[in-house]
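This report refers to the structure that appears directly beneath it.
2 protein chains.
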Amino acid sequence: MKKKIITISRQCGSGGRYIGEQLAKELGISCYDEKLMDMVAKASGFATEFIEDKGEHMTGSLLFNIASSLSYASNVFYGNGMTIQDEVYLIQNRIIKELAEKEPCVIVGRCADYVLRDRKDCLNVFIHANEEDKVDRAIHSYGMPEKDAASILKKTDKARYNHYKYYTDREWGMSDNYDVCLNSSVFGIEGCVKIIKDIVEMS
Amino acid sequence: MKKKIITISRQCGSGGRYIGEQLAKELGISCYDEKLMDMVAKASGFATEFIEDKGEHMTGSLLFNIASSLSYASNVFYGNGMTIQDEVYLIQNRIIKELAEKEPCVIVGRCADYVLRDRKDCLNVFIHANEEDKVDRAIHSYGMPEKDAASILKKTDKARYNHYKYYTDREWGMSDNYDVCLNSSVFGIEGCVKIIKDIVEMS
């Protein structure tokens with residue numbers, strides 16, 4: 412098993428997080444998703460909810476970014492012209508690199524594919540799904556209101572795209588950036604887990 | 412085996428064509444690549460080399476498109492404002508649909524994923540690879556001159572991107588458009604064949 416670190420990037424509503432959790436369970440390794448956010452929150456001094464939002468979503472608001480660069484809540488960095496988003500990104504990067512160094516694991520989201528791009532033992536996965544399945548999952552699994560689900564999903568993915576583009580200069584979801592991309596509408600959650608597990612075991 | 416038709420889209424130099432041929436061999440089904448171009452050539456009255464170029468590459472030349480719409484070599488269509496490229500695309504589409512209707516098969520390139528988008532028995536695959544491996548394959552397998560290989564590959568993929576965008580309004584290589592995308596630099600030709608074969612057999 413040469414691929415010890417599996418990064419899972421995913422469209423909102425595609426079930427990528429569940430795939431990551433299930434895969435980690437089957438491989439007997441840790442899955443860093445919420446746990447990673449807690450670690451970044453602890454290291455940065457921000458609330459986990461703040462990290463959850465700012466650590467992966469690019470706000471388009473110029474005002475937010477100006478305000479961010481003026482008001483510091485961080486106990487790690489000091490006034491250096493960076494936005495809060497930049498600080499969160501840097502702390503996240505450091506923690507992702509430390510985790511990958513420490514143990515085989517699954518890391519969900521957070522540009523981990525890019526952060527760990529120099530390692531040879533990473534399998535970078537992207538999970539997407541058909542529109543209707545994402546909306547269905549958003550309503551029934553995440554409890555999103557039916558009338559807003561499609562637009563929330565679209566905005567979330569747009570924010571992820573912009574965040575990835577800003578920090579990596581790559582196109583989020585473009586197949587080039589990943590070793591394997593799967594449509595969970597076609598294979599199902601279990602099917603995706605099986606395909607990735609087989610690939611990890613054959614590597 | 413619910414996925415009877417496998418479409419393989421591929422970056423130039425990624426080995427996607429070989430993967431398609433090898434996969435078809437292992438599944439005991441036909442692979443339509445050069446054979447498809449011969450069929451389109453026969454049906455359209457154009458030379459195979461012309462089909463090979465125009466059936467998948469979008470020329471950026473306005474002059475070519477004007478000239479195409481004025482001079483007709485086709486024995487199938489008549490002066491109707493379409494370019495030669497449009498005619499080739501339509502003939503290709505018809506043949507691809509007929510092939511999919513007739514028998515399980517692998518179809519390489521030619522927007523087949525889009526042409527067959529309404530079928531439920533298609534597995535749409537995209538193969539890409541790292542730059543240095545594509546250049547290496549282009550030089551040693553396709554006999555491209557060393558000094559030009561990188562630029563020829565880039566131009567070919569740009570033409571494929573534009574052609575796909577023009578006829579499908581989709582982004583060529585964007586993971587959304589395919590069921591599975593694989594990096595042949597990571598898995599090798601044999602590895603990609605095995606992964607796709609396993610997926611087809613589990614479907």
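Heads up: the sequence lines are chains A and B, in that order.
With the numbering used here, the residue at position 25 of the first sequence is 436, and numbering never jumps.
With the numbering used here, the residue at position 108 of the second sequence is 519, and numbering never jumps.
Here a beta-carbon is modelled for each residue, glycine too, at the ideal position from N, C-alpha and C.
Expressed to the nearest angstrom, what Euclidean distance is found between the alpha-carbon atoms of residue i and residue j?
| i | j | result |
| --- | --- | --- |
| K415 (chain A) | R571 (chain B) | 35 Å |
| S614 (chain B) | E509 (chain B) | 23 Å |
| I502 (chain B) | D559 (chain B) | 33 Å |
| M555 (chain B) | I518 (chain A) | 40 Å |
| K565 (chain A) | V604 (chain A) | 25 Å |
| G456 (chain B) | K465 (chain A) | 58 Å |
| K446 (chain A) | I610 (chain A) | 25 Å |
| C592 (chain A) | E582 (chain B) | 15 Å |
| A458 (chain A) | Y578 (chain A) | 22 Å |
| S562 (chain B) | F598 (chain B) | 25 Å |
| G602 (chain A) | Q433 (chain A) | 11 Å |
| G439 (chain B) | E514 (chain B) | 11 Å |
| I419 (chain A) | I538 (chain A) | 7 Å |
| A452 (chain A) | E498 (chain A) | 11 Å |
| E612 (chain B) | L534 (chain B) | 11 Å |
| M493 (chain A) | E543 (chain B) | 35 Å |
| N642 (chain A) | N594 (chain B) | Given a span of 412 to 614 for chain A in the structure shown, any question on residue 642 (chain A) remains unanswerable. |
| A435 (chain B) | D580 (chain B) | 29 Å |
Residue j and residue i - do their beta-carbons sit closer together than 8 Å?
| i | j | result |
| --- | --- | --- |
| Y589 (chain A) | V536 (chain A) | yes |
| G424 (chain A) | K545 (chain A) | yes |
| I607 (chain B) | I417 (chain B) | yes |
| C442 (chain A) | C522 (chain A) | no |
| M450 (chain B) | I495 (chain B) | no |
| A511 (chain B) | L527 (chain B) | yes |
| M585 (chain B) | S586 (chain A) | yes |
| R548 (chain A) | G431 (chain A) | no |
| D524 (chain A) | Q422 (chain A) | no |
So which residues on chain A does residue i lean against when the C-beta distance must stay under 7 Å?
| i | result |
| --- | --- |
| D587 (chain B) | H539 and G584 |
| M448 (chain B) | Correct list: empty, because the minimum Cβ distance to chain A is about 25 Å. |
Going by beta carbon distance, what residues of the same chain come within less than 7 Å of residue i, once the five residues before and after it are set aside?
| i | result |
| --- | --- |
| K413 (chain A) | D532 and S614 |
| E467 (chain B) | G520, R521, R571 and H574 |
| N504 (chain B) | V526 |
Starting from residue i, find everything on chain B with Cβ-Cβ shorter than 9 Å and list it in chain order.
| i | result |
| --- | --- |
| N594 (chain A) | N535, S586, D587, Y589, D590 and V591 |
What does DSSP give as the partner residue(s) for residue i in the beta ladder?
| i | result |
| --- | --- |
| Y443 (chain B) | B:I518 |
| T418 (chain A) | A:I518 and A:N535 |
| N594 (chain B) | B:H539 |
| M585 (chain B) | A:M585 |
So, for residue i: in the same chain, excluding its five sequence neighbours on each side, which residues have a beta-carbon less than 8 Å away from its beta-carbon?
| i | result |
| --- | --- |
| Y429 (chain B) | I600 |
| M448 (chain A) | T459, I462, E463 and G466 |
| E437 (chain B) | V604 and K608 |
| R530 (chain B) | I416 and A511 |
| Y553 (chain B) | G424 |
Give the interface partners of residue i over in chain A, defined as CB-CB distance under 8 Å, in chain order.
| i | result |
| --- | --- |
| I610 (chain B) | F598 and I606 |
Enumerate in chain order the residues of its own chain whose CB-to-CB distance from residue i is below 6 Å, with the five nearest sequence positions on each side excluded.
| i | result |
| --- | --- |
| E557 (chain B) | I550 |
| A454 (chain A) | I502 |
Closer than 8 Å by beta-carbon distance: list the chain B residues that pair up with residue i, in chain order.
| i | result |
| --- | --- |
| M493 (chain A) | The contacting residues do not exist; M493 (chain A) stays about 31 Å from chain B at best. |
Residues of chain A with a CB under 9 Å from the CB of residue i: which are they?
| i | result |
| --- | --- |
| M555 (chain B) | What M555 (chain B) touches in chain A: nothing, since even the nearest Cβ is about 21 Å away. |
Compile a chain-ordered list of the residues in the region 595-608 of chain B whose CB is closer than 8 Å to at least one CB of chain D.
The structure shown contains no chain D; its protein chains are A and B.
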